[in-house]
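Numbering-wise (the numbering used here), the sequence shown opens with residue 10 and increments by one.
For every residue, glycine included, the Cβ atom is placed at its ideal position computed from N, Cα and C.
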Amino acid sequence: NGQITANMNNACFGFKTTAVSPTFQCYEDNVPVTCTQGACNSYASGSGVHLFASSAGTHTFKVVATDTTYGLVDSNPPTFTWTVDNTNPSLTLNSISPGSFNSTTGNFHSNSTIPVASLTIGEAATATVQLDAAAAVTCNTLSASGIFSCQLPTAAAGSHTLTFDATDSAGNSAVDIVTAIVIDTTN
(Lines of atoms letter the chains of each structure in order from A and count residues from 1; the text may use other names and numbers.)
(Lines give C-alpha, C1' and ligand atoms only; values in the text may rest on other atoms or scores of the structure.)
Protein backbone atom coordinates (compact mmCIF):
# COMPACT_ATOMS: atom_id res chain seq x y z
CA ASN A 1 0.00 0.00 0.00
CA GLY A 2 1.37 3.38 -0.93
CA GLN A 3 0.64 6.88 -2.15
CA ILE A 4 2.29 9.46 -4.41
CA THR A 5 1.58 12.74 -6.18
CA ALA A 6 3.02 13.15 -9.67
CA ASN A 7 2.58 15.29 -12.76
CA MET A 8 2.38 12.27 -15.09
CA ASN A 9 -0.78 10.49 -16.14
CA ASN A 10 0.81 7.07 -16.60
CA ALA A 11 2.03 4.57 -14.03
CA CYS A 12 3.50 1.09 -14.15
CA PHE A 13 2.77 -1.32 -11.32
CA GLY A 14 4.66 -4.58 -10.89
CA PHE A 15 3.74 -7.38 -8.49
CA LYS A 16 4.64 -10.94 -7.56
CA THR A 17 3.20 -13.70 -5.42
CA THR A 18 4.47 -16.90 -3.87
CA ALA A 19 1.37 -18.81 -5.08
CA VAL A 20 2.17 -21.81 -7.32
CA SER A 21 -0.54 -21.18 -9.93
CA PRO A 22 -1.64 -17.56 -9.52
CA THR A 23 -4.07 -15.51 -11.51
CA PHE A 24 -4.41 -11.76 -11.03
CA GLN A 25 -7.23 -9.31 -11.47
CA CYS A 26 -6.13 -5.69 -11.61
CA TYR A 27 -8.33 -2.66 -11.02
CA GLU A 28 -7.92 1.03 -11.71
CA ASP A 29 -10.46 3.09 -9.80
CA ASN A 30 -12.45 -0.16 -9.20
CA VAL A 31 -12.67 -0.83 -12.97
CA PRO A 32 -11.09 -4.15 -14.09
CA VAL A 33 -7.99 -3.81 -16.29
CA THR A 34 -5.77 -6.51 -17.79
CA CYS A 35 -2.69 -7.63 -15.84
CA THR A 36 0.11 -8.62 -18.22
CA GLN A 37 3.14 -10.86 -17.61
CA GLY A 38 6.29 -8.71 -17.65
CA ALA A 39 4.46 -5.43 -18.35
CA CYS A 40 6.87 -3.52 -16.12
CA ASN A 41 10.55 -3.92 -16.94
CA SER A 42 11.59 -4.10 -13.29
CA TYR A 43 9.22 -7.03 -12.72
CA ALA A 44 9.99 -9.03 -15.85
CA SER A 45 9.70 -12.31 -13.94
CA GLY A 46 6.43 -11.27 -12.32
CA SER A 47 3.29 -9.64 -13.58
CA GLY A 48 2.52 -6.01 -14.09
CA VAL A 49 0.16 -3.52 -15.58
CA HIS A 50 0.78 -0.19 -17.28
CA LEU A 51 -2.01 2.28 -16.54
CA PHE A 52 -2.90 5.61 -18.06
CA ALA A 53 -5.10 7.78 -15.87
CA SER A 54 -7.29 9.75 -18.21
CA SER A 55 -7.82 12.65 -15.86
CA ALA A 56 -6.18 14.70 -13.15
CA GLY A 57 -7.14 13.79 -9.62
CA THR A 58 -6.79 10.81 -7.32
CA HIS A 59 -6.66 7.26 -8.71
CA THR A 60 -6.34 3.86 -7.03
CA PHE A 61 -4.72 0.68 -8.32
CA LYS A 62 -5.56 -2.69 -6.75
CA VAL A 63 -4.49 -6.24 -7.62
CA VAL A 64 -6.32 -9.34 -6.37
CA ALA A 65 -4.40 -12.62 -6.51
CA THR A 66 -6.08 -16.02 -6.70
CA ASP A 67 -4.23 -19.28 -6.11
CA THR A 68 -5.87 -21.55 -8.70
CA THR A 69 -4.40 -24.68 -7.09
CA TYR A 70 -6.24 -24.16 -3.81
CA GLY A 71 -8.94 -21.68 -4.88
CA LEU A 72 -7.76 -19.08 -2.37
CA VAL A 73 -8.49 -15.41 -3.06
CA ASP A 74 -6.49 -12.61 -1.44
CA SER A 75 -8.92 -11.13 1.09
CA ASN A 76 -6.75 -8.06 1.72
CA PRO A 77 -5.35 -7.07 -1.70
CA PRO A 78 -2.67 -4.38 -1.91
CA THR A 79 -3.67 -0.95 -3.18
CA PHE A 80 -1.72 2.05 -4.34
CA THR A 81 -3.16 5.54 -4.61
CA TRP A 82 -1.69 8.24 -6.79
CA THR A 83 -2.74 11.77 -7.57
CA VAL A 84 -2.24 13.21 -11.04
CA ASP A 85 -1.46 16.91 -10.62
CA ASN A 86 -0.73 18.75 -13.87
CA THR A 87 -1.49 22.23 -12.53
CA ASN A 88 1.34 24.72 -12.27
CA PRO A 89 1.50 26.65 -9.01
CA SER A 90 0.52 30.31 -9.18
CA LEU A 91 3.31 32.77 -8.46
CA THR A 92 2.89 36.45 -7.60
CA LEU A 93 5.65 38.98 -6.94
CA ASN A 94 4.35 41.17 -4.11
CA SER A 95 7.20 43.60 -3.51
CA ILE A 96 10.91 44.25 -3.41
CA SER A 97 12.16 46.17 -0.43
CA PRO A 98 13.60 48.52 0.13
CA GLY A 99 12.27 49.75 -3.15
CA SER A 100 9.36 50.76 -5.29
CA PHE A 101 7.78 49.81 -8.60
CA ASN A 102 7.86 52.36 -11.43
CA SER A 103 4.74 51.67 -13.50
CA THR A 104 6.02 53.93 -16.32
CA THR A 105 9.21 51.92 -16.90
CA GLY A 106 7.92 48.61 -15.52
CA ASN A 107 11.02 48.33 -13.34
CA PHE A 108 11.59 47.98 -9.64
CA HIS A 109 13.97 50.52 -8.12
CA SER A 110 15.99 49.98 -4.96
CA ASN A 111 18.69 51.88 -3.13
CA SER A 112 20.07 48.67 -1.58
CA THR A 113 22.58 46.30 -3.16
CA ILE A 114 20.88 43.38 -1.34
CA PRO A 115 17.11 43.92 -1.55
CA VAL A 116 14.55 41.33 -0.41
CA ALA A 117 11.64 40.15 -2.57
CA SER A 118 8.29 38.97 -1.25
CA LEU A 119 6.40 36.29 -3.23
CA THR A 120 3.06 34.52 -2.85
CA ILE A 121 2.71 30.99 -4.19
CA GLY A 122 -0.76 29.44 -4.44
CA GLU A 123 0.22 26.01 -3.04
CA ALA A 124 3.02 24.20 -1.26
CA ALA A 125 6.13 24.71 -3.36
CA THR A 126 9.75 25.72 -3.38
CA ALA A 127 10.76 29.09 -4.79
CA THR A 128 13.99 30.40 -6.24
CA VAL A 129 15.28 33.71 -7.54
CA GLN A 130 18.05 34.28 -10.06
CA LEU A 131 19.88 37.60 -10.53
CA ASP A 132 21.02 38.03 -14.13
CA ALA A 133 22.94 34.84 -15.07
CA ALA A 134 24.05 33.97 -11.52
CA ALA A 135 23.02 30.69 -9.90
CA ALA A 136 19.47 30.66 -8.53
CA VAL A 137 19.07 30.89 -4.75
CA THR A 138 16.30 29.33 -2.69
CA CYS A 139 13.70 31.57 -1.09
CA ASN A 140 12.55 31.07 2.51
CA THR A 141 8.97 30.22 3.47
CA LEU A 142 7.57 32.85 5.83
CA SER A 143 4.09 31.45 6.39
CA ALA A 144 1.84 28.48 5.72
CA SER A 145 -0.25 30.72 3.47
CA GLY A 146 2.45 30.64 0.78
CA ILE A 147 4.39 33.85 1.49
CA PHE A 148 8.08 33.57 0.62
CA SER A 149 11.00 35.89 1.29
CA CYS A 150 13.83 35.92 -1.24
CA GLN A 151 17.12 37.45 -0.21
CA LEU A 152 18.50 38.60 -3.54
CA PRO A 153 22.17 38.07 -4.32
CA THR A 154 24.33 41.16 -3.87
CA ALA A 155 24.01 43.33 -6.95
CA ALA A 156 26.14 46.18 -8.17
CA ALA A 157 24.53 49.49 -9.04
CA GLY A 158 22.79 49.40 -12.42
CA SER A 159 20.06 47.48 -14.22
CA HIS A 160 19.52 43.79 -13.55
CA THR A 161 17.10 41.01 -14.46
CA LEU A 162 15.42 38.94 -11.78
CA THR A 163 13.83 35.56 -12.57
CA PHE A 164 11.52 33.98 -9.99
CA ASP A 165 10.43 30.35 -10.20
CA ALA A 166 8.24 28.02 -8.10
CA THR A 167 8.00 24.22 -8.27
CA ASP A 168 5.32 22.19 -6.47
CA SER A 169 5.65 18.72 -4.93
CA ALA A 170 4.46 17.05 -8.16
CA GLY A 171 7.23 18.72 -10.17
CA ASN A 172 5.06 21.33 -11.90
CA SER A 173 6.76 24.69 -12.38
CA ALA A 174 5.12 28.08 -12.32
CA VAL A 175 5.52 30.34 -15.29
CA ASP A 176 8.64 32.31 -14.44
CA ILE A 177 8.24 35.90 -13.40
CA VAL A 178 10.96 37.94 -15.05
CA THR A 179 11.31 41.54 -14.00
CA ALA A 180 13.90 44.29 -14.11
CA ILE A 181 15.40 45.98 -11.08
CA VAL A 182 17.51 49.12 -11.06
CA ILE A 183 19.93 49.42 -8.15
CA ASP A 184 20.73 53.06 -7.45
CA THR A 185 22.75 53.68 -4.28
CA THR A 186 23.21 57.42 -4.95
CA ASN A 187 19.94 58.33 -3.18
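Continuous beta strand (DSSP E) stretch holding residue i: start and end
i, result
"Val191", "Ile186 to Ile192"
"Asn39", "Unbroken run through Asn39: none, as it is neither H nor E."
"Val29", "Neither: Val29 is in no beta strand (DSSP E) and is coded neither H nor E."
"Gln101", "Looking at the sequence shown, residue 101 is not Gln but Thr. Run containing Thr101: Leu100 to Ser106, per the beta strand (DSSP E) assignment."
"Thr75", "Gly66 to Asp76"
"Asn116", "Asn116 to Ser119"
"Thr90", "Thr88 to Val93"
In DSSP terms, what residue i is bridged to
i, result
"Asn181", "Asn181 pairs with nothing; no bridge assigned."
"Asp83", "Beta-bridge pairing links Asp83 to no other residue."
Sub-7 angstroms separation of residue i and residue j beta-carbons
i, j, result
"Ile190", "Ala166", "no"
"Ala20", "Asp94", "no"
"Ala74", "Ile130", "no"
"Asn103", "Ala183", "no"
"Val138", "Val146", "yes"
"Phe24", "Val82", "no"
"Phe110", "Ala136", "no"
"Asp177", "Glu132", "yes"
"Val42", "Cys35", "yes"
DSSP-derived helix/strand/coil call for residue i
i, result
"Thr163", "coil"
"Asn16", "coil"
"Leu151", "coil"
"Asn111", "strand"
"Ile123", "coil"
"Ala53", "Reliability fails at Ala53, whose pLDDT of 46 lies under 50, so the model's placement of it is uncertain and the value that follows must be treated cautiously. Residue state, collapsed to three classes: coil."
"Ala142", "coil"
"Cys21", "strand"
"Thr172", "strand"
"Thr129", "strand"
"Thr137", "strand"
"Thr195", "coil"
Counting pairs of beta carbons, one from the region 109-124 and one from the region 153-172, are three or more of them closer than 8 angstroms?
Touching, per the Cβ criterion.
Does the pairing of the region 149-158 with the region 76-85 give three or more beta-carbon distances under 8 angstroms?
No contact exists between the region 149-158 and the region 76-85.
Counting pairs of Cβ atoms below 8 angstroms between the region 62-71 and the region 80-95, do you hit three or more?
Yes: at least three Cβ pairs fall under 8 angstroms.
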